[in-house]
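Asker:
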Amino acid sequence: MTPDISVEIAGLSFKNPILTASGTCGYGEELADIFDLSQLGGIVTKTITMKPRDGHPSPRTAEASSGMLNAIGLANVGVDKFIEEKLTYLEKFDTRVVVNVAGTCTSDYVNLCARLNDHPRADMVELNFSCPNVDVGMEIATDAKLAEETVSKVKKVFSRPVIAKLSPNVTSIADIAVACENGGADAVSLINTLVGMAVDINTFRPRLTNNTGGLSGPAIKPVALACVFKVYKAVKIPIIGIGGISNYSDVIEFFLCGASAVQIGTTLFVEPDAPVKIVKELKKYLSKNKIESIRELTGKVRIYK
Amino acid sequence: MTPDISVEIAGLSFKNPILTASGTCGYGEELADIFDLSQLGGIVTKTITMKPRDGHPSPRTAEASSGMLNAIGLANVGVDKFIEEKLTYLEKFDTRVVVNVAGTCTSDYVNLCARLNDHPRADMVELNFSCPNVDVGMEIATDAKLAEETVSKVKKVFSRPVIAKLSPNVTSIADIAVACENGGADAVSLINTLVGMAVDINTFRPRLTNNTGGLSGPAIKPVALACVFKVYKAVKIPIIGIGGISNYSDVIEFFLCGASAVQIGTTLFVEPDAPVKIVKELKKYLSKNKIESIRELTGKVRIYK
Amino acid sequence: MSKIVIENVSVVKKKKLTPDCFAITVAPFSKVKSIRPGQFVHLQIPNCNLFFRRAFSVYSVNTEEKSLEILFKVFGRGTAAMASLKKGNRLSLLGPLGSSFRKPKKNELIGLIAGGVGFPPIYYLSRFLIENGFDPKKLFFFYGGRGRSDLIELARLKKLGLNSVLVTEDGSLGIKGLVTSAVEKWFLENKGSKVVYSCGPEGMLKAVDQLAQQYNIPGQISLEAPMPCGVGICLGCIKPLKSGGYTRVCKEGPIFEIGEIIL
Amino acid sequence: MSKIVIENVSVVKKKKLTPDCFAITVAPFSKVKSIRPGQFVHLQIPNCNLFFRRAFSVYSVNTEEKSLEILFKVFGRGTAAMASLKKGNRLSLLGPLGSSFRKPKKNELIGLIAGGVGFPPIYYLSRFLIENGFDPKKLFFFYGGRGRSDLIELARLKKLGLNSVLVTEDGSLGIKGLVTSAVEKWFLENKGSKVVYSCGPEGMLKAVDQLAQQYNIPGQISLEAPMPCGVGICLGCIKPLKSGGYTRVCKEGPIFEIGEIIL
Ligand SMILES: Cc1cc2nc3c(=O)[nH]c(=O)nc-3n(C[C@H](O)[C@H](O)[C@H](O)COP(=O)(O)OP(=O)(O)OC[C@H]3O[C@@H](n4cnc5c(N)ncnc54)[C@H](O)[C@@H]3O)c2cc1C
Ligand SMILES: Cc1cc2nc3c(=O)[nH]c(=O)nc-3n(C[C@H](O)[C@H](O)[C@H](O)COP(=O)(O)OP(=O)(O)OC[C@H]3O[C@@H](n4cnc5c(N)ncnc54)[C@H](O)[C@@H]3O)c2cc1C
Ligand SMILES: Cc1cc2nc3c(=O)[nH]c(=O)nc-3n(C[C@H](O)[C@H](O)[C@H](O)COP(=O)(O)O)c2cc1C
Ligand SMILES: Cc1cc2nc3c(=O)[nH]c(=O)nc-3n(C[C@H](O)[C@H](O)[C@H](O)COP(=O)(O)O)c2cc1C
Ligand code: FES
Ligand code: FES
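Residue numbers (our numbering), protein chains in the order written: chain A, 1 to 305; chain H, 306 to 610; chain U, 611 to 873; chain B, 874 to 1136.
(1) Are the beta-carbon atoms of H/Met502 and H/Leu417 separated by less than 8 Å?
(2) Using a Cβ cut-off of 8 Å (strictly closer), state whether A/Arg205 contacts chain B.
(3) Can you give me the C-alpha to C-alpha distance between H/Val441 and H/Thr447, rounded to a whole angstrom?
(4) Report the three-state DSSP secondary structure of A/Met68 (helix, strand or coil).
(5) Between the alpha carbons of H/Ala315 and H/Ile542, how many angstroms are there, rounded?
(6) At a Cβ threshold of 8 Å, is A/Val365 touching chain H?
(7) Tell me whether A/Val136 sits in a helix, a strand or coil according to DSSP, three-state version.
(8) Closest Cβ-Cβ distance between A/Met68 and chain B: below 8 Å?
(9) Who's in the neighbourhood of ligand 5, going by beta-carbon under 7 Å from any heavy atom, listed in chain order?
(10) Check each residue of the segment 573 to 606 of chain H: if its Cβ is closer than 9 Å to any Cβ of chain U, include it; give the result in chain order.
(11) I want to verify the contact list: residues of chain H whose CB lies under 9 Å from the CB of U/Leu845, in sequence order.
(12) Give a yes or no on whether the C-beta atoms belonging to U/Gly829 and U/Ala835 are separated by under 8 Å.
(13) Helix, strand or coil: which one does DSSP assign to U/Lys804?
(14) Could one say the Cβ of H/Phe398 lies closer than 8 Å to chain U's Cβ atoms, at least one of them?
(15) Within 8 Å (strictly less), CB to CB, does A/Phe82 reach chain B?
(16) Can you tell me where the beta strand (DSSP E) holding B/Arg950 begins and where it ends?
(17) Can you confirm whether the segment 886 to 900 of chain B touches the segment 942 to 949 of chain B when touching is taken to mean that 3 or more C-beta pairs between the two stretches lie within less than 8 Å?
(18) Would you verify that the beta carbon of H/Glu390 is, or is not, closer than 8 Å to some beta carbon of chain U?
(19) Considering only heavy atoms of ligand 1, does any lie closer than 7 Å to the CB of U/Val727?
(20) Can you name the start and end residues of the alpha helix (DSSP H) that A/Lys145 belongs to?
(21) Examine the Cβ distances between the segment 529 to 538 of chain H and the segment 470 to 482 of chain H and report whether three or more of them are shorter than 8 Å.
(22) With B/Pro1074 and B/Gly971 assumed to form a contact (beta carbons below 8 Å), what rounded beta-carbon distance in angstroms separates them?
(23) I need the DSSP call for B/Phe924, collapsed to helix, strand or coil.
(24) Name the chain B residues whose beta carbon is nearer than 7 Å to that of A/Ile245?
(25) Whole angstroms are fine: how far does the CA of U/Ile872 sit from the CA of H/Asn433?
(26) In terms of residues, what are the limits of the alpha helix (DSSP H) holding A/Asn117?
(27) Answer yes if the segment 584 to 604 of chain H comes into contact with the segment 612 to 631 of chain U, meaning at least three C-beta pairs across the two stretches below 8 Å, and no otherwise.
(28) Tell me whether U/Ile680 counts as near ligand 1, meaning its Cβ is closer than 7 Å to at least one heavy atom of that ligand.
(29) Taking only the alpha-carbon atoms, compute the straight-line gap between B/Thr1053 and B/Gly911 and give it to the nearest angstrom.
(30) Counting contacts by CB-CB distance shorter than 8 Å, is H/Val441 in contact with chain A?
(31) Measure the C-alpha to C-alpha separation of B/Glu880 and H/Gly522 and round it to an integer number of angstroms.
(32) Tell me, please, which residues DSSP counts as bridged to U/Tyr856.
(33) Is A/Leu146 close to chain H? Criterion is C-beta to C-beta, closer than 8 Å.
(34) Can you determine whether any heavy atom of ligand 2 sits closer than 7 Å to the C-beta of B/Arg950, and answer yes or no?
(35) Could you tell me whether any non-hydrogen atom of ligand 4 is closer than 7 Å to the CB of B/Gly1117?
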């Protein structure tokens, strides 16, 4: 018996639960030189905005212990070029395409998703409520009412599933998740990066021109797992786990805490073929442990007490 | 010229800015087998509560990438035994003693500090508003009003300086810091641990009997630095930086972002003599860079824009 | 002067005992003289990104060379990285740590009970006792394992000249059965006052602990627990005490009295 | 088939060239044949807890042995750990990465300008051109450094049989001065159409870039930037373009046209 690693989110099937995270896989072109993108459960494209953005000046990434900081500043080609070139490029791969969008206000999200609605290659949209590197967005990520309103307005213009991507930089991520669920979100994805900083002690300069940035990578995995665990107890919609995943064992941990799929981000920078390896190893783990389908694992952590 | 690494917090002088963090150095006895505690700027004792506590059952620590998770559950000898045995033991060392306290409500903090007020070996108290591993406390850490009220009531019964220790698990740590300053806190210390989790994929069990715990160590350093940076812009009282510090260069980073002293926590578990090394290397760095006093560095990060 | 030190040591010798069992000798360590049987060292293992040190019982010491030997089995990531250490590689050593075995009374018969990687501290104790004037004839070394491949370093054990009783569950070497059965037999067959010392898997220690209590034999066991710090400051390595509350395996232990711990 | 692969390679050779400069050869790498001069590889360095890989220009390749050589100077934590690698040590290699130098036109005089650790890609290009039929007489290798100890691998350079011009700021070897002065002199003394290729410290590259523009000489430079991913997906390694916006050093680069980048 070969174990079943396909999953379903909001009625859409994924051949496996491994997606690449927004901002860590571009629009897919570069990774396609390394492996066939059809091996992915899905690809979440770099956040797009209405207008193209250059992003912040250099340096906008820095190394950290078991992770990194970034303040790219939502550099992207803008929605027009995205639809014309990037979505078209992705036509040829047999994988789900999730288009991540961000704006400065609710209407930006609505306009972007309305545009994308006409392009069915965008299987889903993911609303980036949580980028800590631009003023844009961060407000929605910390304001339950605004998040709910934005989701519900997007739902009116986008006919396929809508994911709300949440920030960990809040007192209660579960509250924001519940608000998104109430707004009609089909799923939530979490977490985006943690606000962090680093300084060069020789120049006294921050290591990022944005002064602060977002921390990602294995360093944040425990925080992401705790967030998934708490949100799983609070909502009924599926959760896509993100944060520091670097191997199959991390994926299992996220499933046990409540995830129905995961995204791999920063690990791609060090092991760009990690998704391919993880898919293989997930199958091995399930076989070895006689688990028929990975879907059985969601939320199955055996908590104490 | 030998550089000056002494600092002053709330009118109290410290021979150097290196303190050991609460819960990571016991009451000092064990570290005294490794180095002379008089080499420390200060020691912050394990959180004490009114009654002795055994804490959570095992496992209550777990390894993480560049850090660890803990849910000790405030195991401590209780205030009576603490005063009788532990404070007395610390008499013989020429170092500052900061006594960390926690309770389930404001009056616990007040009672504990009133008791300690009669024992001048407790140079300062640190109010642990932020331990994520017990229901105790976490409420105060996320509630600005409650924090302000607790600090101001403690100030009435404790005549020496009072430090409020803050949690990073909030939307705005600066808001809580401002509230503590308004309540009369003489200093704030930050950060306590980030809420995190880990699961054993063979047993499906959380790696901590408390299910979730606190993440500490180098993994959280960027988050701690960003918190210090934000709080420095918001308050006038001194900041004691905590989080993932493992070498002199980390200490300088915390100073540049706004700290006036630091605490070393998890690093002690891997390099118990780290404070001694750091003190030496701080002096070397200052000499090499012709900086007369480490106090000059507080807040001197050269931000962009 | 510090009782506990952190020093960089080099691998001066490495032996592969079985496919997954190795003995390595490291030096120089300034405190070799003060190491007592049952104590352990905490090693920072290079070439693996593990955050914590790993604890290893001292297997033997050489005070002239200032070296100490440890014996380990590949278990997880840390011990796997240790298996690939080469002569000359350097690592940080923290020690000596923990409590040590107390000396038996002069007239006691001494039962030494080891299972698997519980062998090193019990071997070290045996050797230490003999070197300190205890009669090897009064030492009874019970060495248990699942099969013959679990019983390592038999030649070295033999050299001590004590009474050794080998026990394997599958009968592939020595007596077939559990080591505790052999110990019970010894309890029954020997009238004199006795003391036992044991180290091994927790299941075995639990059985030894119960048996010794049942027969009213005093003694000590050496416990293990995951150890973040090894020096008593993290409170992570706890075991529940019969008398209530917890105790630290790294500080009050790893050597505990029979009947002291809830296993 | 994948253009870029990740493979485990072993150190097959290591040479210490100066106290802080080393050449190491690693093998086997399945894609050696497709490596072009100017391209780089991204190495995961063992024995240091660095999170990112580190980028190194390819210095030479041996297609039979499937090996490639890199030359590096100890700079920070990663290169320090590389200096302690031993023959047989394994590491993960990602490559081949980035753009490569374009071929000169047949009639052009070729100026090859290297400074410090900018030497490897320029040396590789020179050798590649000669092996592909370019006349060594038309190749002018300008090699600059602060002092004689910066000019490494001179014997190897000499073997190529091209025109070499050594320049040191302190005059300890070759011409005293800046390498760009020697290049300018060459511009002035040679009438034919010319092309330049350069790699070295950013200050030098800036001077070369300006000089070439001033004299209207086409050419390319090889840039560096801290590189989290090396494959174009993190957008961390950017440089500002004269035409506006940013470009990625790892993907559009590291080889750029003279005048393309704001330095
Ligand atoms: C006082 C003491 C003395 C020891 N002496 C020896 C010795 O002489 N020879 C020897 O081979 N081993 C000895 N050990 C055990 C040794 O420390 C472990 O084998 C080692 O920690 C496992 O490390 P690892 O990185 O290979 O496995 P890991 O990958 O860390 O561990 C795999 C699993 O084992 C668990 N684990 C890790 N450490 C321990 C531990 N100490 N106790 C129980 N479970 C653990 C982990 O939680 C994990 O689930 C001793 C341990 C202690 C506490
Ligand atoms: C395409 C490319 C080719 C290279 N080829 C070679 C080569 O052939 N030989 C060689 O010796 N070196 C080469 N380098 C540089 C090499 O990658 C750096 O020496 C190395 O990254 C420094 O690593 P480290 O860990 O020793 O220092 P670190 O401790 O990482 O760095 C110390 C300081 O240098 C900065 N830094 C790190 N990497 C870079 C970088 N790539 N560019 C600019 N600053 C950086 C860091 O931010 C830090 O401030 C190349 C770099 C690139 C991008
Ligand atoms: C360089 C970089 C750029 C990112 N850009 C985006 C982005 O544009 N939109 C977004 O929603 N998340 C972005 N993220 C966040 C990731 O998608 C992911 O949520 C986060 O990095 C945590 O996962 P990881 O630890 O696996 O990287 C970015 C992360 C990194 C490291
Ligand atoms: C095992 C452990 C126990 C801790 N116990 C306490 C405590 O009792 N009271 C407290 O205020 N902080 C406690 N902390 C938090 C530390 O004091 C510190 O704020 C935190 O660990 C971050 O610093 P670090 O990364 O240097 O460890 C504890 C941390 C650890 C790792
Ligand atoms: S290992 Fe830290 S107290 Fe025992
Ligand atoms: S290094 Fe990541 S885009 Fe160039």
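Glycine is no exception: its CB is placed at the ideal position from the N, C-alpha and C atoms.
Answerer: Let me lay it out:
(1) No, Cβ-Cβ distance for H/Met502 and H/Leu417 is not below 8 Å.
(2) Cβ-Cβ to chain B under 8 Å: no for A/Arg205.
(3) Unreliable positioning characterises H/Val441 in this predicted model, as indicated by a pLDDT of 47, which lies under 50. The coordinate reading is nonetheless provided below. Taking the straight line from one Cα to the other gives about 12 Å.
(4) Here A/Met68 sits in strand by DSSP.
(5) One C-alpha to the other measures close to 8 Å.
(6) Given that chain A is displayed from residue 1 to residue 305, the structure contains no residue 365 of chain A and the question cannot be resolved.
(7) Per-residue confidence for A/Val136 stands at a pLDDT of 47, beneath the threshold of 50, marking its modelled position as unreliable; the derived number appears in the next sentence. Looking at A/Val136 - three-state DSSP - the assignment turns out to be helix.
(8) Yes - at least one Cβ of chain B is within 8 Å of the one on A/Met68.
(9) This selection yields H/Phe574, U/Met837, U/Pro838, U/Cys839, U/Gly840, U/Val841, U/Gly842, U/Ile843, U/Cys844, U/Leu845, U/Gly846, U/Cys847, U/Arg858, U/Val859, U/Cys860 and U/Lys861.
(10) Of all residues in the segment 573 to 606 of chain H, Leu573, Phe574, Val575, Glu576, Pro577 and Asp578 have a Cβ within less than 9 Å of some Cβ in chain U.
(11) What U/Leu845 touches in chain H: Gly328, Gly331, Lys351, Gly360, Arg365, Thr366, Asn375, Ile377 and Ala380.
(12) Cβ distance not < 8 Å, so U/Gly829 and U/Ala835 don't count as in contact.
(13) Strand at U/Lys804.
(14) It does not: the Cβ of H/Phe398 has no partner Cβ on chain U nearer than 8 Å.
(15) So, not an interface residue.
(16) Not the beta strand (DSSP E): B/Arg950 falls in the alpha helix (DSSP H), residues Arg950 to Ala956.
(17) Under the 8 Å Cβ criterion, the segment 942 to 949 of chain B counts as touching the segment 886 to 900 of chain B, having at least three qualifying pairs.
(18) Chain U, which has no Cβ nearer than 8 Å to the Cβ of H/Glu390, makes this no.
(19) Relative to ligand 1, the beta carbon of U/Val727 is positioned inside 7 Å of a heavy atom.
(20) For A/Lys145, the enclosing alpha helix (DSSP H) has its first and last residue at Ala144 to Val157.
(21) These segments touch.
(22) At roughly 19 Å, the Cβ-Cβ gap does not stay under 8 Å, so B/Pro1074 and B/Gly971 are not in contact.
(23) In the structure shown, B/Phe924 sits in coil (DSSP, three-state: anything other than H, G, I, E or B).
(24) The contacting residues do not exist; A/Ile245 stays about 15 Å from chain B at best.
(25) Take the alpha-carbon of H/Asn433 and the one of U/Ile872: they are about 32 Å apart.
(26) Residues Thr106 to Asn117.
(27) Counting Cβ pairs under 8 Å, fewer than three are found: no touch.
(28) True, at least one ligand heavy atom lies under 7 Å from that Cβ.
(29) B/Thr1053 and B/Gly911: Cα-Cα distance of roughly 21 Å.
(30) Note that H/Val441 has pLDDT 47, beneath the 50 cutoff, so the model's placement of it is unreliable and the number below is only indicative. No, no contact with chain A.
(31) B/Glu880 and H/Gly522 have their C-alpha atoms some 32 Å from each other.
(32) BP columns for U/Tyr856 point to U/Pro850.
(33) Not one chain H Cβ lies under 8 Å of A/Leu146.
(34) For B/Arg950, the shortest separation between its Cβ and any heavy atom of ligand 2 lies below 7 Å.
(35) No, the beta carbon of B/Gly1117 sits no closer than 7 Å to any heavy atom of ligand 4.
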